[in-house]
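Some notes on the structure that comes next.
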Amino acid sequence: MAERPALRPDLATILERIEPGSRALDIGCGDGTLMAALRDEKQVDARGIEIDGACVERCVAQGLSVVQGDADRDLEFYPDSAFDYAILSQTLQTAARPDHMLAELLRVGRRAFVSFPNFAYWRMRWALMRRGRMPVTRHLPVTWYETQNIHHVTVKDFEELAAQLGVRIEDRWYFTREREIGGGGANWRAEYALFEVSR
Amino acid sequence: MSNPHTSLTLPNPLPLDSGQALACVEMAYETYGTLNADKSNAILICHALTGDQYVASTHPITGKPGWWERMVGPGKPIDTDRFHVICANVIGSCLGSTGPQSPASDGEPYAMRFPVITIRDMVRGLVAMLDAMGIAQLHTVVGGSMGGMQALSLAANWPDRAGRVLAIATTARHSAQNIAFHEVGRQAIMADPHWCGGDYYGEESAPDAGLAVARMAAHITYLSEEGLTEKFGRRLQDRDAKTFGFDADFQVESYLRYQGSGFTRRFDANSYLYITRAMDYFDIAEEHGGTLAKAFAGTPARFCLVSFDSDWLYPTAESRHVVHALNAAGAPVSFVELSAPFGHDSFLLDVPALDRVVKGFLDG
Chain E
1 MAERPALRPD LATILERIEP GSRALDIGCG DGTLMAALRD EKQVDARGIE
51 IDGACVERCV AQGLSVVQGD ADRDLEFYPD SAFDYAILSQ TLQTAARPDH
101 MLAELLRVGR RAFVSFPNFA YWRMRWALMR RGRMPVTRHL PVTWYETQNI
151 HHVTVKDFEE LAAQLGVRIE DRWYFTRERE IGGGGANWRA EYALFEVSR
Chain V
1 MSNPHTSLTL PNPLPLDSGQ ALACVEMAYE TYGTLNADKS NAILICHALT
51 GDQYVASTHP ITGKPGWWER MVGPGKPIDT DRFHVICANV IGSCLGSTGP
101 QSPASDGEPY AMRFPVITIR DMVRGLVAML DAMGIAQLHT VVGGSMGGMQ
151 ALSLAANWPD RAGRVLAIAT TARHSAQNIA FHEVGRQAIM ADPHWCGGDY
201 YGEESAPDAG LAVARMAAHI TYLSEEGLTE KFGRRLQDRD AKTFGFDADF
251 QVESYLRYQG SGFTRRFDAN SYLYITRAMD YFDIAEEHGG TLAKAFAGTP
301 ARFCLVSFDS DWLYPTAESR HVVHALNAAG APVSFVELSA PFGHDSFLLD
351 VPALDRVVKG FLDG
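Below, the structure is given as structure tokens:
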């Protein structure tokens, strides 16, 4: 098997945390990088949902089970507790209703991994304050009018949403410049965050 | 009359959904590639309504290449260097398998005495053929359109017979619109004075005019408006002005007439009646207590469904419906809607993305 390119750190963390042989649903699975790693390294029964047809094609070509669809609409067709894990990496901020999405994740999965760009990251705050315009950064590289991110969220916002929904935060990781950082001052220091949550 | 096609005779009568049974059933088939020692590399390809077993070899009547020659062959997405590919003419059809023009026990053609069959009956015939060949489990069953219905029916009713199921541009049930189009075709055939209640075999004339009209109407449903417009627009055929008559003034008319008349040379009108009826009766959920997910409960197979964005005969929503049922049943399923301009016929035409998906699904 060809050497796999290094996983993005949040995906590497998810890969590490997931129990071997479990069932996982990767929502917005892209070209299937995480799914392939889960299958090959952890014998996970991995399923995916992806909206982009070209990505789905690449997944199918790797023998992955990926359904072309819109997570906002199609998650409802998956039965309760069908998966041990639901994974939503860097996609929460594109959901029509992130609160509904989070609830759906924990309906179809016992646990969920959610990662998202932290809009309270100090560079974002600085860019907004200094220039008075929506920041375009390395991690959020698209102009405001063409971005798929429709609900910008911060670490604090997510924690508050979890509390409101009665969702338990099992663990959390913070990343800046593709490195994991400590939790101190995460809301302004983290470029993006990963949460493991359960019902 | 000897059968000019390769065929085998099923050892037992074939029970049918109607409650009847069909005796001495001939299954005409073609194979490509080599069956390996443990018989684990067989792929069954199921053909569409007017298709046949000549999937990757020259058609004996038209002399044209096989209908899926671009997909099946050495080094092609369905690689005959690796797989043993089997394609059979379905029962009810007319290229060597038992159908309305085959002799009944009295030596005369069945004609309309042929029992009404279903898609599941066709699959029953295919499974019995596989039994006769000693193939317990297919690597994959593949089909587009009506072939996809057979692939899904096999998965639902004989879940252990295929490790993978690839269903392209298809549906788990015929819609009212699908049935309506078929009824137009059937009425065209039955309105032809040469149809004679189906007893036209051995007569000088067959209901060719009716069959051609049926084919013309159906052919429109296989294309997309975009494709038709691109190919023909409103251009005139071999003339500079309209004739103010009913000749084929427009290129699209001439094309449809050509499609219709070519079809009558290779297809039997009664087979068209029986096979369209089988498709109209098709509803996998109905066979399984009204719930499609139940049909696939506990299936061990891996599925891949493909639809085309320009297909309005079996649109993407039909495939999604199957995908949702498979998800509910917990089956491993992939689904992709491919973009292609050719309408329903896209699965037969040059769509490189389909090649990649088929190859990926078989190899993965």
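For the protein sequence lines, the chains are E and V, in the order given. With full-length UniProt numbering, letter number 64 in the first sequence gets 64, and the count goes up by one each step, no holes. With full-length UniProt numbering, letter number 136 in the second sequence gets 136, and the count goes up by one each step, no holes. The beta carbon of each residue, even a glycine, is placed where N, CA and C say it ideally should be. Remember, it's a predicted structure, so these values are computed and weren't measured experimentally.
| Could one say the Cβ of residue 43 (chain E) lies closer than 9 Å to chain V's Cβ atoms, at least one of them? | For residue 43 (chain E), the answer is no, since every Cβ of chain V falls outside 9 Å of its Cβ.
| query | If you draw a straight line from the C-alpha of residue 148 (chain E) to the C-alpha of residue 94 (chain E), how long is it? | reply | Taking C-alpha positions only, residue 148 (chain E) is separated from residue 94 (chain E) by approximately 6 Å.
| query | So does the stretch 90-102 of chain V actually touch the stretch 15-30 of chain V, counting three or more Cβ pairs closer than 8 Å? | reply | Contact between the stretch 90-102 of chain V and the stretch 15-30 of chain V is present: three or more C-beta pairs spanning the two stretches fall below 8 Å.
| request: Give the residues of chain V in contact with residue 82 (chain E), contact being defined as C-beta atoms less than 9 Å apart. | output: 327, 328 and 330, listed in chain order.
| message | Just to confirm, is the Cβ distance from residue 25 (chain E) to residue 48 (chain E) under 9 Å? | response | A contact, by the Cβ cut-off of 9 Å.
| field | Beta-carbon neighbours of residue 142 (chain V), restricted to chain E and to distances below 8 Å | value | Residues of chain E passing the Cβ test: none, with the nearest at roughly 14 Å.
| query | List, in order along the chain, the chain E residues whose C-beta lies closer than 9 Å to that of residue 361 (chain V)? | reply | In chain order: 60, 61 and 63.
| query | Which value, in whole angstroms, describes the spacing of the CA atoms of residue 55 (chain V) and residue 68 (chain V)? | reply | So the alpha carbons of these two residues sit roughly 5 Å apart.
| Closest Cβ-Cβ distance between residue 189 (chain E) and chain V: below 9 Å? | No, residue 189 (chain E) does not count as interfacial toward chain V.
| Are the C-beta of residue 79 (chain E) and some C-beta of chain V separated by less than 9 Å? | Chain V contact via Cβ: present.
| request: Within the same chain, show all residues whose beta-carbon is closer than 7 Å to that of residue 209 (chain V), passing over the 5 residues directly before and after it, in chain order. | output: If we look at residue 209 (chain V) and ignore the five residues flanking it on each side, its Cβ neighbours are 192.
| Out of curiosity, what's the CA-to-CA distance linking residue 285 (chain V) and residue 174 (chain V)? | So the two alpha carbons sit approximately 11 Å from each other.
| message | Restricting to Cα atoms, I'd like to know which of V:211, V:133, V:10 and V:123 is closest to residue 264 (chain V). | response | Of the candidates V:211, V:133, V:10 and V:123, V:211 places its Cα closest to the Cα of residue 264 (chain V).
| task | Please decide whether residue 104 (chain E) counts as near chain A, where near means a Cβ-Cβ distance under 9 Å. | result | No chain A is present in this structure, whose protein chains are E and V.
| said: If distances are taken between C-alpha atoms only, which option among V:180, V:163 and V:154 comes closest to residue 172 (chain V)? | reply: Among V:180, V:163 and V:154, the Cα nearest to that of residue 172 (chain V) belongs to V:154.
| request: Return helix, strand or coil for residue 267 (chain V), following the three-state DSSP convention. | output: Note: residue 267 (chain V) maps to coil in three-state DSSP.
| field | Chain-ordered neighbours of residue 200 (chain E) on chain V, where CB pairs are closer than 8 Å | value | This structure cannot speak to residue 200 (chain E), because chain E is shown only from 1 to 199.
| query | So residue 81 (chain V) is in the beta strand (DSSP E); what residue range does that whole segment cover? | reply | Here residue 81 (chain V) belongs to no beta strand (DSSP E), and DSSP marks it neither H nor E.
| field | Per-residue contacts from residue 68 (chain E) into chain V (C-beta, under 7 Å) | value | Taking a Cβ-Cβ cut-off of 7 Å, the neighbours of residue 68 (chain E) in chain V comprise 335, 336 and 337, given in sequence order.
| query | Can you list, in chain order, the residues of the stretch 5-36 of chain E whose Cβ is nearer than 8 Å to any Cβ on chain V? | reply | Taking 8 Å as the Cβ-Cβ cut-off against chain V, none of the residues of the stretch 5-36 of chain E qualify.
| said: Please list, in chain order, the chain E residues whose beta carbon lies closer than 7 Å to that of residue 324 (chain V). | reply: Correct list: 77.
| Residues near residue 198 (chain E) by beta carbon distance below 6 Å, same chain, minus five either side | Cβ within range, chain order: 111, 168 and 170.
| field | Proximity below 9 Å, CB of residue 156 (chain V) to CB of residue 288 (chain V) | value | For the 9 Å CB-CB criterion, residue 156 (chain V) and residue 288 (chain V) form a contact.
| What separation, rounded to the nearest whole angstrom, lies between the Cα atoms of residue 175 (chain E) and residue 120 (chain E)? | Going from the Cα of residue 175 (chain E) to the Cα of residue 120 (chain E) covers about 13 Å.
| field | Three-way DSSP call (helix, strand, coil) for residue 144 (chain E) in this model | value | Coil.
| said: Against chain V, with Cβ distances strictly below 9 Å, would residue 202 (chain E) count as a contact? | reply: An answer regarding residue 202 (chain E) cannot be provided, because it is not within the stretch 1 to 199 covered by chain E.
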